[in-house]
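Asks: I'd like to ask some things about the structure below.
Residue numbers (my numbering), protein chains in the order written: chain U, 1 to 242; chain L, 243 to 484.
Structure follows, in structure tokens:
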């Protein structure tokens, strides 16, 4: 199975998506937050590109919550930011959240045309890999897996790349991958025993630490603590249990 | 000193270039070939973006040679391809070559506005680093170094990233770098004792091997065999000896 890794949401290169499945990774913090929200009973996350789109959507459906960030901070007037700790059961249980984040939402849109889109983070990598194996067993015509790292502001970033490397590691030896996939896997093998320290030293990690989000950095670096398998369905991110 | 590494010629992110110096890397094969041509007495290389631009330039100046590739092969009607072995002293000695390559030329253009542009490859990394140190000593106002990996068709590629990693390694401990620079340095440390084998397994390496260019792959993977320091001056790549 071919696994093609893309370095950032703004990548000028996106491989053909026909008959492929996709995984979206935005460790700091969009996909970590989405996974957490669903674990806490959130009914669905509706990813949109712009603040305006988010606000208009809520005008149309007043019951929805507004979440998201610009430059890592909550957007003025929004109910929730981009911290997983904002998405408590009390706040998001049984509700839908319209969410706009700088990189994560764009990464989801970039691969939305693939046959199936999963939302991954360190929190749920293993569950995603198991879901992919089950899907591939039932869908023998799938030609490849596209892994898109959201990156930071159109740039390669180490946190998403390491998470892609962990995904490749768990997918096992029967895959072939592109140069970025090979690099991601090698980097993961260097970092895996010291993931949190490595992530703290990245550009995005340092930014979050400087803004007081150390708890977020620690949490988003925790591997396989949530058995959540979010997928994109009808433009909403949901988790179908069972 | 800040060193910002860019993953590919088509990167949507280019850092500000004011008061910075730049290094362009296209291991397979544009910058390796340019370095070799200059070592073999080529007077200057004129990088242009398109085949049409190259042909028009030769109409204007009939003494110039035409070199370059599309999809790794020599362009029809051109005097030289993109193999360093095309650029022998007999062919390029005392002459100027107009050169267009898929990624290398675009990478040069992307950073042309910086204060000084160097052309690097494994063949001449150490000489480039010494030249950078000399330049920084004389130009204390320089604010940073931008390293652009040409990449392959707008994609991250391991050969250029490893060469950037070697450059960072030789620049020493007093630099700070972005996530891609840190990743490049880590990957270089894994690969450095087995560079040729690693490069043969990359996407671009395998493409060149499949086209019969094994000699090129071996040659372009040879570190620090040419003491050539090409710079961009008046839109031409030249080597000022002494």
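Yeah, the Cβ is synthetic: ideal placement off N, Cα and C, and Gly gets one too.
Return yes when the Cβ of residue 275(L) is within less than 8 Å of the Cβ of residue 329(L), no when it is not.
Replies: Your numbering for residue 329(L) matches position 87 in the second chain. Your numbering for residue 275(L) matches position 33 in the second chain. Yes; because the gap between Cβ atoms is below 8 Å, this pair is in contact.
Asks: Looking at chain L, is there any beta carbon in it that lies within less than 8 Å of the beta carbon of residue 172(U)?
Replies: Taking the first residue of the first chain as 1, we reach residue 172(U) at position 172. So no, residue 172(U) is outside the interface.
Asks: Between the alpha carbons of residue 133(U) and residue 1(U), how many angstroms are there, rounded?
Replies: Locating residue 133(U) in the first chain gives position 133, counting from the first residue. Locating residue 1(U) in the first chain gives position 1, counting from the first residue. One C-alpha to the other measures close to 11 Å.
Asks: Any beta-carbon of chain U closer than 8 Å to the one on residue 428(L)?
Replies: As a first step, residue 428(L) must be located in the second chain, where it is residue number 186. Chain U contact via Cβ: present.
Asks: How do the segment 353-365 of chain L and the segment 254-268 of chain L stand: do at least 3 beta-carbon pairs fall below 8 Å, yes or no?
Replies: The segment 353-365 of chain L is in contact with the segment 254-268 of chain L.
Asks: Which residues in chain U sit within 7 Å of residue 346(L), going by Cβ to Cβ distance?
Replies: Along the second chain, read from residue 1 onward, the residue named residue 346(L) stands at position 104. Near residue 346(L) there are no residues of chain U at all, since even the closest Cβ is about 16 Å away, more than 7 Å.
Asks: So, is residue 96(U) buried or exposed, given that buried needs 16 or more other C-beta atoms within 10 angstroms?
Replies: One-based indexing of the first chain puts residue 96(U) at position 96. Residue 96(U) comes out buried.
Asks: Between which two residues does the alpha helix (DSSP H) holding residue 269(U) run?
Replies: The requested residue 269(U) does not occur in the structure, where chain U is confined to residues 1 to 242.
Asks: What does the Cβ neighbour count give for residue 151(U), buried or exposed, with the cut at 16 atoms within 10 Å?
Replies: In the first chain, the residue the question calls residue 151(U) occupies position 151. Buried, since its Cβ has 16 or more Cβ neighbours within 10 Å.
Asks: Inspect the beta-carbon positions of residue 446(L) and residue 327(L) and report whether they are closer than 8 Å.
Replies: In the second chain, the residue the question calls residue 446(L) occupies position 204. In the second chain, the residue the question calls residue 327(L) occupies position 85. Cβ distance not < 8 Å, so residue 446(L) and residue 327(L) don't count as in contact.
Asks: Looking at chain L, which residues of the segment 181-214 of chain U have a Cβ within less than 7 Å of any of its Cβ atoms?
Replies: Listed by position, the residues of the segment 181-214 of chain U near chain L (Cβ gap below 7 Å) are 182, 183, 186, 187, 190, 202 and 203.
Asks: Among 247(L), 263(L), 251(L) and 250(L), which has the Cα closest to the Cα of residue 382(L)?
Replies: Counting from 1 along the second chain, the entry for residue 382(L) is found at position 140. It is 263(L).
Asks: Kindly list the residues whose CB is nearer than 7 Å to the CB of residue 455(L), restricted to its own chain and excluding five residues on each side of it in sequence; keep chain order.
Replies: Within the second chain, residue 455(L) is the residue found at index 213, counting from 1. Answer for residue 455(L): 325, listed in chain order.
Asks: Rounded to whole angstroms, what's the CA-CA distance from residue 268(L) to residue 37(U)? Just pull it up for me.
Replies: Numbered from 1 along the second chain, position 26 holds the residue referred to as residue 268(L). Numbered from 1 along the first chain, position 37 holds the residue referred to as residue 37(U). Their Cα atoms are separated by approximately 44 Å.
Asks: Any beta carbon from chain U within less than 8 Å of residue 270(L)'s own beta carbon?
Replies: Looking up residue 270(L) in the second chain gives position 28. With 8 Å as the cut-off, residue 270(L) does not count as an interface residue toward chain U.
Asks: For residue 315(L), does the count of other Cβ atoms within 10 angstroms reach 16, so buried, or fall short, so exposed?
Replies: Walking along the second chain from the start, residue 315(L) turns up at place 73. Residue 315(L) is exposed by the Cβ-count criterion.
Asks: Where residue 119(U) and residue 386(L) are concerned, what is the direct C-alpha to C-alpha distance, given to the nearest angstrom?
Replies: The residue given as residue 119(U) occupies position 119 in the first chain. The residue given as residue 386(L) occupies position 144 in the second chain. Rounded to the nearest angstrom, the two C-alpha atoms are 37 Å apart.
Asks: Out of 351(L), 284(L) and 335(L), point me to the one whose CA is closest to residue 481(L)'s CA.
Replies: Numbered from its first residue, the second chain carries residue 481(L) at position 239. When only C-alpha atoms are compared, the closest one is 284(L).
Asks: Measuring CB to CB, does residue 196(U) end up less than 8 Å from residue 221(U)?
Replies: Against the first chain, residue 196(U) aligns to sequence position 196. Against the first chain, residue 221(U) aligns to sequence position 221. Contact: yes.
Asks: Could you tell me which residues DSSP pairs with residue 262(L) in its beta bridges?
Replies: In the second chain, residue 262(L) corresponds to position 20, counting from 1. Answer is 386(L).
Asks: Just checking my contact of residue 186(U) with residue 125(U) at CB under 8 Å: how many whole Å lie between their CB atoms?
Replies: Position 186 of the first chain, counted from the first residue, corresponds to residue 186(U). Position 125 of the first chain, counted from the first residue, corresponds to residue 125(U). Residue 186(U) to residue 125(U), Cβ: 17 Å. No contact.
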